[in-house]
Amino acid sequence: MGLLVFLHIFLLSVIATAPWADAWGKHGHFMVCKIAEKYFTEKTAKAVLDLLPKSAEGELASVCSWADEIRFHYRWSSPLHYINTPNCTYKYSRDCFNDRGQEGMCVVGAINNYTEQLRSYGDSSDRYNLTESLMFLAHFVGDVHQPLHVGLEADEGGNTIIVHWYRRKTNLHHVWDTEIIDTATRDFYDDNINSMIESIQRNITNGWSDEIDHWENCHNKYKTCANDYAIESNHLACRYAYKDAEQDSTLADDYFFSRLPIVEERIAQAGVRLALILNRIFDGSVDDMIQSS
């Protein structure tokens, strides 16, 4: 049975068991999609606008958290937000399964699947809900860039590691989803998420400009390089997210200031790569959209 149709077949049968986790939280997903929008080609922007629901009011970023909002309704989709690994070496063939052993039911499989669905845009015989395909894809590209969404199975991607973020009790996964971003927004950007987006955008144009070619490097023209992005996240989870984050530990300035640059760069990478994927789908564009902008 092809991966292309697996979501429809398991719509009613797959029950999620993973803990609730919003990768990047609403602010993070908004930033990813807002950054991506800047690098859409004209054809891509028109296709995205055509597929967006009316509630989006023409803005992809406004629906980038939709996939989290409907998880309790679309319970089959819960395993598609993450990958659990037994150690610090992620392998698709070993790790991309749901709890029923169904292959492809992880964030990498979902990104590839929805990319394939969106390639049918403009086909009058299309049988997919491409509006949902677009919203799922935009969200899952953000998810795969959150390091603890490719974390360790033993602690459910940091969900069972209880820590104190300064004085607030939470878990390690939530620190990476939300707390680092919210603390940065409050302390550095006067609680203005658009100011944080502008700062990340300046880094894309200037500070990270020499790295953009690497971010956009994807030789797989028919699917995506989501598997590579998952490998990156797994590496970052083990090297940075878990380090110094013991059970019941307090994470404060040292952890925050050393991890914030990683969070900002992953959000930037997710935005750039989401634009790359959508430009390939809707415009056939594989050029360096960042350098030419």
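The sequence shown runs -25 to -1, 1 to 268 under mature numbering (1 follows the signal peptide of the UniProt record, and there is no 0). Glycine included, each C-beta is placed from N, C-alpha and C at the ideal position.
Residue pairing of V125 in beta bridges, as defined by DSSP: I58. No residue range can be given for R142, since it is assigned to no beta strand (DSSP E) and is classified by DSSP as neither H nor E. If you look at S52, you'll find it isn't in any alpha helix (DSSP H); DSSP assigns it neither H nor E. By the neighbour-count criterion, in which 16 or more other beta carbons inside 10 Å mark a residue as buried, T19 falls on the buried side. For E34, the three-state secondary structure derived from DSSP is coil. Sorting V119, L235, Q77, D228 by C-alpha distance to the C-alpha of H4 places V119 at the top.
The closest CA to that of F231, considering only I187, A159, A245, is found on A159. As the crow flies, the alpha-carbon of A250 is around 15 Å from that of S108. The C-alpha of L105 is placed about 30 Å away from the C-alpha of W151. Within a 10 Å sphere around the beta-carbon of L24 sit fewer than 16 other beta-carbons, which makes this residue exposed. Per DSSP, reduced to three states, the secondary structure at T90 is helical. An exposed status is given to Q222, since fewer than 16 other beta-carbon atoms sit within 10 Å of its beta-carbon. By the neighbour-count criterion, in which 16 or more other beta carbons inside 10 Å mark a residue as buried, Y217 falls on the buried side. One Cα belongs to F72, the other to Y164, and the distance between them is close to 40 Å. Contact check between the stretch 92 to 104 and the stretch 65 to 79: fewer than three CB pairs, one atom from each, fall below 8 Å, which does not count as touching. For R248, the uninterrupted alpha helix (DSSP H) segment begins and ends at 228 to 258. Looking at the backbone, the Cα of M110 and that of E17 are separated by about 19 Å. Nearest to A245 by C-alpha distance, out of G117, I172, N146, is G117. Secondary structure of T225 (DSSP, three-state): strand. Under the criterion of beta carbons closer than 8 Å, V83 and A205 qualify as touching, at roughly 5 Å. Contact between L93 and L112 holds, with the beta-carbon distance rounding to 7 Å and staying under 8 Å. Here E131 carries a coil assignment [DSSP, helix/strand/coil]. Under DSSP, F15 takes part in no beta bridge, so it has no partner.
Shown here for I155: same chain residues with a beta carbon closer than 8 Å to its own, the five before and five after excluded, namely F231, R234, L235, V238 in chain order. Rounded to the nearest angstrom, the Cβ distance from S37 to R46 is 18 Å, too far for a contact under 8 Å.
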